[in-house]
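Colleague: Once you've had a glance at the structure underneath, I'll fire off some questions.
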Ligand code: GAL
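In our numbering, the protein residues as written are -16 to 645.
Structure (structure tokens):
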């Protein structure tokens, strides 16, 4: 025992070396029709997506360690252009944007990285990852053949590549990056851009090659990816995918381990057995590189969620959940699958493949190297409901419906995708009083042993209060007016009504009618909340028609339009609009309808609280807060704050949190 203890550090180092993908300077990465080759050796690789800005740098080592323990070789991430270049030529690579630190964390764990530079990402990320300032460049059209866009795309791509080179992060420099990706699923969009689409993708390929990353580039979902770029598959199943050349390996860049959550949508779930089945089928049918999108989804912090109407949680039902906990049985079952696939690696990359049919839906695929006796087999039952038993090499194998068995020696089935033997745990989220989150020693207002939460609140003024307001005739489009500085835009107007308005006497109802492209709208009349409405992921536009109370004299009409993430997907996604487009009308007045659409409107981008940065400690300390045990729930626009504590491992941090509640 004592010897073991003494040798432990040595054993640990040996284990780490053994269990790591070694990358030395001069490491080469190439490919042939079968697989990626690292230092001339064909590899079966298992990859998983973790997007660095969707977790905190403090979480990265643990997430990556859990990925490695789960059997991954590669971590894949997009590069998020709008995080790195929020203002033109002003860059940010700090904190959650610290791409280099993220890659070095991957390197330290002995894993490879696949860097999807894009720079278009999609990813349910605001504006697909494009910085909004691109839109203001004269003559620009996104993702198609025009100089202004190509120029910006080249500048950013080069910036990232140069940064990787400077930090020695490419495999040939001893770094973890073994693959690049340029563009993202343009194949789905190309036809919408006509001839220019084709010209663009050819240009993209040349631009990428000219970066000299000395590694293979991938384009996902791009059937016409020009050589030597590898076209890869994205989807729930990719076993029937074939690359566009016999000289390229069969790669799967996005195996959707679950799905993203939308406002009001169901929490997505993809059964573990089905994910495992899809993966096993892919390797059974000649695939050699597969990536889980996502392995850890994480959180859309701040205003990064795309959409519109994508939730802040990007949990994705992934093998590691939003908070960094292992999700069982998904993580464990896939780990066992990876082990079985890795045991078959030599046969998969070098063996002759032949298939045996046992009838409809039942098949064996055998990979064997006759000279060396290496042999691996996959037995599949692709019937969705019927179980079966097959005879293979003189033995009988039971195959549940929709399952694959893996026999790394062609004799013993070490794994079946439908038979879960890993520990199953399910996490129950319980609603608890916030006080139970507070450690005993934190400050509480009462001397009572049971601590109580002290809420404070600050009212957001209704209508325009900041000095930065402006006016315009007619209704402005919201996204490009607010320029991504805020999700809020006030549209305000006032209407003078005479004493002789009949509705004042006969008590008939006056209505406000507003048409908007979305995404949500709060209406205030004379400072009082009058109604709220919102669109949905599939249809952001709506018409609001609500009864309102007006008076003789001047009436203030304050419309607060709210956006919830910019479009991130689809042809011309960058041209989607938001905000009130009209008509805006008052109905039920003495002259019938009063149309305000083309009148002069006053505008304010953002809320007062945002201007005052109430969400920051200094901003919050600069204003007066009301406090008490029960915050009011009657006023429409209020910032709520409580001071709580949270434990981060041994650290004990005091955090201030503010919310705006509408
Ligand atoms: C793909 C896209 C990803 C992500 C995914 C859905 O089409 O490439 O970025 O948006 O869909 O989560």
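Backbone N, C-alpha and C define an ideal beta-carbon position, used for all residues, glycine too. Remember, predicted model here, so these are calculated numbers, not experimental data.
Should residue 321 be labelled buried (16 or more other beta-carbon atoms within 10 Å of its own) or exposed?
Modeller: Walking along the chain shown from the start, residue 321 turns up at place 338. Buried, because 16 or more other Cβ atoms sit within 10 Å of the Cβ of residue 321.
Colleague: If we require 3 or more residues per run, which beta strand (DSSP E) segments fall completely within the segment 182 to 243?
Modeller: Runs found: 200 to 203, 213 to 218 and 234 to 239.
Colleague: According to DSSP, is residue 115 helix, strand or coil?
Modeller: Counted from its first residue, the chain shown places residue 115 at position 132. In the structure shown, residue 115 sits in a helix (DSSP, three-state: H, G or I).
Colleague: In the structure shown, what three-state DSSP assignment does residue 326 receive?
Modeller: The residue labelled residue 326 in the question sits at position 343 within the chain shown. It is helical.
Colleague: Any chance you could list the beta strand (DSSP E) runs of at least 3 consecutive residues sitting entirely within the segment 92 to 171, in chain order?
Modeller: 95 to 101 and 160 to 165
Colleague: Do residue 391 and residue 330 have their beta-carbon atoms positioned less than 9 Å apart in this structure?
Modeller: Within the chain shown, numbered from 1, the residue matching residue 330 stands at position 347. Within the chain shown, numbered from 1, the residue matching residue 391 stands at position 408. It is a contact, given that the beta carbons lie within the stated cut-off.
Colleague: Please work out which residues of its chain come closer than 7 Å, Cβ to Cβ, to residue 136, disregarding the five sequence neighbours upstream and downstream, and give them in chain order.
Modeller: To locate residue 136, count along the chain shown from 1; it is residue 153. Contacts found: 102.
Colleague: State the Cα-Cα distance for the pair residue 310 and residue 605, rounded to the nearest angstrom.
Modeller: The residue you call residue 310 lines up with position 327 of the chain shown. The residue you call residue 605 lines up with position 622 of the chain shown. One C-alpha to the other measures close to 42 Å.
Colleague: Rounded to the nearest angstrom, how far is the Cβ of residue 655 from that of residue 447, given a contact under 8 Å?
Modeller: Any question about residue 655 goes unanswered here, given that the chain covers just -16 to 645.
Colleague: Measuring only the C-alpha atoms, how far is residue 171 from residue 587?
Modeller: Position 188 of the chain shown, counted from the first residue, corresponds to residue 171. Position 604 of the chain shown, counted from the first residue, corresponds to residue 587. Answer to the nearest angstrom: the Cα atoms are 38 Å apart.
Colleague: Would you report the Cα separation of residue 15 and residue 340, rounded to the nearest angstrom?
Modeller: By 1-based counting over the chain shown, the position of residue 15 is 32. By 1-based counting over the chain shown, the position of residue 340 is 357. Near 28 Å, if we compare the C-alpha coordinates of residue 340 and residue 15.
Colleague: At a threshold of 8 Å, does residue 203 count as lining ligand 1 (C-beta to nearest heavy atom)?
Modeller: Locating residue 203 in the chain shown gives position 220, where the first residue counts as 1. Yes, Cβ of residue 203 sits closer than 8 Å to a heavy atom of ligand 1.
Colleague: If we call anything under 9 Å between Cβ atoms a contact, is residue 295 one with residue 520?
Modeller: For this step, residue 295 is matched to residue 312 along the chain shown. For this step, residue 520 is matched to residue 537 along the chain shown. It is not a contact, given that the beta carbons lie outside the stated cut-off.
Colleague: Is there a Cβ of chain B sitting closer than 9 Å to that of residue 285, yes or no?
Modeller: Structure shown: chain B not included; a single protein chain is present.
Colleague: Going by C-alpha distance, which of 285, 594 and 207 is nearest residue 451?
Modeller: Taking the first residue of the chain shown as 1, we reach residue 451 at position 468. Considering only alpha carbons, the answer is 594.
Colleague: Nearest CA to the CA of residue 355: which residue from 387, 364 and 333?
Modeller: As a first step, residue 355 must be located in the chain shown, where it is residue number 372. Checked all of 387, 364 and 333; the closest Cα to residue 355 is 333.
Colleague: Since residue 624 and residue 562 should fall inside the 8 Å C-beta cutoff, what is the C-beta to C-beta distance between them, to a whole number of angstroms?
Modeller: Counting from 1 along the chain shown, the entry for residue 624 is found at position 641. Counting from 1 along the chain shown, the entry for residue 562 is found at position 579. With 8 Å as the limit, residue 624 and residue 562 do not qualify as a contact, their Cβ atoms being about 29 Å apart.
Colleague: Quick check: what's the CA-CA separation for residue 250 versus residue 503?
Modeller: Within the chain shown, residue 250 is the residue found at index 267, counting from 1. Within the chain shown, residue 503 is the residue found at index 520, counting from 1. Those two C-alpha atoms are separated by around 22 Å.
Colleague: Work out the CA separation of residue 158 and residue 92 for me, nearest whole Å.
Modeller: Numbered from its first residue, the chain shown carries residue 92 at position 109. Numbered from its first residue, the chain shown carries residue 158 at position 175. One C-alpha to the other measures close to 12 Å.
Colleague: Tell me whether residue 423 is buried or exposed, calling it buried when 16 or more other Cβ atoms sit within 10 Å of its Cβ.
Modeller: Within the chain shown, the letter at position 440 stands for residue 423. Unreliable positioning characterises residue 423 in this predicted model, as indicated by a pLDDT of 46, which lies under 50. The coordinate reading is nonetheless provided below. So residue 423 counts as exposed.
Colleague: Going along the chain, which residues of its own chain have a beta-carbon closer than 7 Å to the beta-carbon of residue 187, five neighbours each way excluded?
Modeller: Working through the chain shown from its first residue, we reach residue 187 at position 204. These residues qualify, in order along the chain: 165 and 166.
Colleague: Under a three-way DSSP split, which group does residue 456 fall into?
Modeller: Start at 1 with the first residue of the chain shown, and residue 456 comes out as number 473. Three-state result, residue 456: strand.
Colleague: Determine which residues share a DSSP beta bridge with residue 497 and list them.
Modeller: By 1-based counting over the chain shown, the position of residue 497 is 514. Residue 497 pairs with 527 and 567.
Colleague: Which of helix, strand or coil does DSSP assign to residue 396?
Modeller: Residue mapping note: residue 396 aligns to position 413 of the chain shown, counting from 1. Residue state, collapsed to three classes: coil.
Colleague: Got a sec? Which residues, its chain only, sit under 7 Å from residue 124 by beta carbon, not counting five neighbours each side?
Modeller: Counting from 1 along the chain shown, the entry for residue 124 is found at position 141. Cβ within range, chain order: 132.
Colleague: Return yes when at least one heavy atom of ligand 1 lies under 8 Å from the C-beta of residue 473, else no.
Modeller: The count along the chain shown starts at 1 and reaches residue 473 at position 490. False, no ligand heavy atom lies under 8 Å from that Cβ.
Colleague: Let me make sure I understand the geometry here. Which of 541, 40 and 29 has the alpha-carbon closest to that of residue 276?
Modeller: Within the chain shown, residue 276 is the residue found at index 293, counting from 1. With distances taken between Cα atoms, residue 276 lies closest to 29.
Colleague: Between the Cα of residue 395 and the Cα atoms of 108, 192 and 378, which residue gives the shortest distance?
Modeller: Numbered from its first residue, the chain shown carries residue 395 at position 412. The option with the nearest alpha carbon to residue 395 is 378.
Colleague: Is the beta carbon of residue 300 sitting closer than 9 Å to the one on residue 313?
Modeller: Residue numbering aside, residue 300 sits at position 317 when the chain shown is read from its first letter. Residue numbering aside, residue 313 sits at position 330 when the chain shown is read from its first letter. For residue 300 and residue 313, yes; Cβs fall inside 9 Å.
Colleague: Does the separation of the CB atoms of residue 328 and residue 27 fall below 9 Å?
Modeller: By 1-based counting over the chain shown, the position of residue 328 is 345. By 1-based counting over the chain shown, the position of residue 27 is 44. Yes, Cβ-Cβ distance for residue 328 and residue 27 is below 9 Å.
Colleague: Taking C-alpha atoms, which residue in 155, 532 and 261 lies nearest to residue 8?
Modeller: Here residue 8 corresponds to residue number 25 of the chain shown, with the count starting at 1. The candidate whose alpha carbon is nearest that of residue 8 is 155.
Colleague: Which one of 537, 127, 526 and 555 has the shortest CA to CA distance from residue 544?
Modeller: The sequence position of residue 544 within the chain shown is 561, counting from 1. The shortest Cα separation from residue 544 among 537, 127, 526 and 555 belongs to 526.
Colleague: When the Cα atoms are used, what is the spatial distance from residue 482 to residue 622?
Modeller: By one-based count along the chain shown, residue 482 stands at place 499. By one-based count along the chain shown, residue 622 stands at place 639. Cα-Cα distance, rounded: 37 Å.
Colleague: Excluding the 5 residues preceding and the 5 following residue 144 in the sequence, name in chain order all residues of the same chain whose CB lies nearer than 7 Å to its CB.
Modeller: Taking the chain shown and counting its residues from 1, the one referred to as residue 144 is at position 161. So the qualifying residues of the chain are 194 and 196.
Colleague: I need the DSSP call for residue 626, collapsed to helix, strand or coil.
Modeller: Here residue 626 refers to the residue found at position 643 when the chain shown is read from its first residue. Looking at residue 626 - three-state DSSP - the assignment turns out to be strand.
Colleague: Below 8 Å, can you find three or more Cβ-Cβ pairs linking the segment 344 to 363 to the segment 280 to 297?
Modeller: no
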